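Below is one structure, written out as structure tokens; comments come after it.
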Amino acid sequence: MGNSLKLARALWGLEWKGQGLKMAGVALGIALLLFGVTLAAAYIPWILTGPTRASLEALARNLFEGEDLGNAGLALAFLIVQAPLLLGLLVSYYAAAGLAARLGEEGARGRLELLLAAPFSYREVALGLYLYQLLATLAFYALALVASLGFGLLALWSLQAAPALPPGYWGLLLLAPMGLAVWGGLSALVLALLWPGFARARLGTTGVLPFIASIPGLILLLAVPFGPGDGFSWAFVAATAFGLFGLVLVWPLLGRIFRPELVLG
Amino acid sequence: MLGENPYRHPGIKGRIAYLAHRPALTPGVTLRDELRFWGSVYGLAPQAIRQRIEELDGLLGLGELLPLRTDRLSRGQRQRAALARALLHGPEVLLLDEPTTGLDPAAARRVREAVRELARDRVLLYSTHNLYEARELAEDITFLRQGRVLFRSSLEEAIRLRQKEARVYVRLRGNAEAAAKALREEGIVSERSGDGLVLRVQGEDAIARAVRLLAGRGFEVLEVRPEENPLEALFLELEGSEDGE
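First to last, the sequence lines map onto chains A and B. Its first residue numbered 0, the first sequence is counted upward by one per residue in numbering that gives the first Met the number 0. Its first residue numbered 0, the second sequence is counted upward by one per residue in numbering that gives the first Met the number 0.
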């Protein structure tokens with residue numbers, strides 16, 4: 000594990016220098032998009048159906064303890080509730096597609112050969128790549144979250160309003176992405192190692208992978224409106240359970256299923 | 000490798016370096032960052048990495064390349080950078096997989112010169128399909144075919160084996176037909192080739208005898224060189240005998 004962490008840290012340092020600005024730009028773009036969508040949903044009357052609008056108004060009243068902030072309150076309620084869920088879905092996808100693309104690229108570029116020749120076991124190399132992608136995914140999430148909720152917080156500050164958020168929400172916001180990223184990355188790693196052509200052909204962004212990787216994120220989207228209680232705690236527990244389940248299932252198998260000669264082609 | 004199985008004891012790979020025919024440098028970062036990355040992968044401290052980069056600059060002339068982005072280097076510069084990366088952790092064994100593939104003649108020569116220099120104090124395994132390069136660089140050779148060892152010996156021994164039946168080109172000033180006739184009278188078989196002759200001789204002594212004979216008969220010998228690379232001929236012969244089995 001120590002060597003895998005060392006490799007992940009070194010990769011992070013290098014890739015941040017090469018791709019960091021691009022990654023930050025994408026995260027900021029997504030945050031802006033999310034913010035724009037919430038504003039549009041609140042201010043353009045025909046976008047939301049009547050019942051959805053009514054439930055959002057109820058949510059806004061609940062969050063802002065009866066204070067009527069009008070369309071701004073509606074937009075902010077939508078943003079506060081949806082940001083972690085939509086970004087969570089994106090985290091699952093980013094972790095999975097990013098890792099599949101990384102394995103494919105590392106093989107095609109020839110760096111995987113060099114990493115396998117470095118003083119690590121094959122399992123440590125696979126875990127190192129996985130941990131690197133996990134780090135990159137969480138950094139991506141943190142950037143997108145800070146940017147999107149940052150706009151929301153600025154708006155709240157200007158309205159002098161403070162939402163009352165249950166503890167489950169903070170769990171969902173801060174910890175659920177870890178479970179989602181763990182699951183997404185592991186699903187990509189297992190598929191890529193079992194069927195190396197999958198990674199070699201860089202098919203990570205299409206096909207079955209996004210679906211498998213996104214299952215927990217989709218469950219979260221459903222858990223908040225339909226789950227028991229406020230839905231946040233339930234969603235947080237579900238995301239964590241998926242992450243843990245993935246770890247318990249896959250971790251011991253990694254060393255056995257990694258066949259570098261096939262990944263390298 | 001080095002008395003250990005690298006699969007079971009991956010730490011041993013820290014004493015080995017591998018240079019693939021593809022430089023495999025990370026795009027978008029400078030060569031200095033690339034070298035720092037690999038230094039940390041091999042467990043070198045930042046100070047040691049800086050020192051090694053300076054040493055390698057002396058050996059490979061990296062100075063002007065270090066601040067450049069790796070995707071802006073030429074093919075030859077990239078290969079030089081990859082060689083520097085392979086040497087960064089001071090390996091005892093160096094595995095080079097066709098390091099001159101795709102290089103222009105000047106860049107290939109620089110790599111060969113560096114290889115000769117490096118081979119002074121470490122074990123160097125050089126994989127190549129180019130048997131002229133093998134003849135120029137190797138001390139020992141191994142022919143592989145489909146992952147099996149076909150032949151293994153010192154270079155000297157391999158050349159001697161083949162030169163028992165060598166084809167040697169001799170460039171002459173004078174009448175090549177008359178020279179061929181003179182050789183035939185002494186039992187040496189030859190044929191015309193351009194402005195010279197190709198002799199079929201058995202061993203180095205026979206070559207010396209043919210040259211003396213031609214000079215004695217008044218022919219001016221301008222050049223003597225092997226018509227074929229003995230390693231190539233030996234490989235083809237071994238491969239042919241394998242196919243015949």
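Glycine included, C-beta positions come from ideal geometry on N, C-alpha and C. Note that the structure is predicted; figures quoted are calculated from it, not measured.
About 14 Å separates the beta carbon of A133/B from that of P225/B, a gap too long to meet the 8 Å contact definition.
Unbroken alpha helix (DSSP H) stretches of 4 residues or longer found wholly inside the region 117-173 of chain A: 121-158 and 166-173, given in chain order. As for any alpha helix (DSSP H) of minimum length 4 sitting wholly inside the region 68-145 of chain B, the runs are 74-86, 104-117 and 130-136, ordered along the chain. Assignment of beta-bridge partners to T29/B by DSSP yields R68/B. Cβ atoms of R14/B and P90/B come within 8 Å of each other, at about 6 Å. Within the region 97-122 of chain A, the residues whose Cβ lies closer than 7 Å to any Cβ of chain B are, in chain order, R108, G109, R110, E112, L113, A116, A117, P118, F119 and S120.
Rounded to whole angstroms, the gap between the alpha carbons of L115/A and E241/B is 34 Å. V148/B is not a Cβ neighbour of A209/B, given a cutoff of 9 Å. Excluding sequence positions up to five before and after H20/B, its CB lies within less than 6 Å of the CB of D96, E97 and T100, all in the same chain and listed in chain order. With fewer than 16 other Cβ atoms inside 10 Å of its own Cβ, P104/B counts as exposed. By the Cβ criterion, the region 210-219 of chain B is not in contact with the region 135-147 of chain B, since fewer than three pairs of Cβ atoms, one from each stretch, lie closer than 8 Å. Looking at the backbone, the Cα of A23/B and that of V181/A are separated by about 29 Å. Residues of chain A with a Cβ closer than 8 Å to the Cβ of V28/B are, in chain order, L13, K16 and G17.
Between A234/A and L171/A, the C-beta gap is smaller than 9 Å, which places the two residues in contact.
Comparing alpha carbon positions, the residue from Q18/A, A237/A, V124/A and W169/A closest to A135/A is Q18/A. DSSP places F34/A outside any beta strand (DSSP E); the residue lies instead in the alpha helix (DSSP H), whose first and last residues are G1 to Y42. For A175/B, the enclosing alpha helix (DSSP H) starts and ends at A175 to E184. Judged by DSSP in its simplified three-state form, L24/B adopts coil rather than helix or strand. Excluding sequence positions up to five before and after W11/A, its CB lies within less than 8 Å of the CB of Y131, L134 and A135, all in the same chain and listed in chain order. According to DSSP, residue pairing for L114/A in a beta bridge does not occur.
By the CB criterion at 9 Å, E33/B and L6/A fall outside the cutoff. The region 137-155 of chain A and the region 24-32 of chain A touch, with three or more beta-carbon pairs separated by less than 8 Å.
Note that the C-beta distance between V236/A and P176/A is not below 9 Å. Judged by beta-carbon spacing, S126/B lies within the 9 Å limit of L94/B, meaning their Cβ atoms are closer than that value.
Take V188/B, set aside five residues on each side of it, and the residues of its chain with a beta-carbon closer than 6 Å to its own are R199, in chain order. The contact set of L6/A on chain B, defined by CB atoms closer than 8 Å, consists of V40 in chain order.
Close CB contacts of E3/B within its chain, under the 8 Å cut and outside five residues either way in sequence, are with I11 (chain order).
DSSP, read as helix, strand or coil, puts I46/A in coil. Excluding sequence positions up to five before and after L252/A, its CB lies within less than 8 Å of the CB of V189, all in the same chain and listed in chain order. Taking 7 Å as the cut-off between beta carbons, none of the residues of the region 58-84 of chain B comes near chain A. Annotated as distal: P166/A and F63/A, with beta-carbon spacing of 9 Å or more. Nearest Cα to L98/A within the set V249/A, L113/A, G127/A and L75/A: G127/A. Straight across, the Cα-Cα distance linking P83/A with I214/A is about 15 Å.
Within chain A, R108, G109 and E112 have C-beta atoms less than 9 Å from the C-beta of R21/B, given in sequence order.
Cβ proximity to chain A below 7 Å picks out nothing from the region 139-150 of chain B. Counted as a single uninterrupted DSSP element, the stretch harbouring L61/B is not any beta strand (DSSP E), since DSSP gives it neither H nor E.
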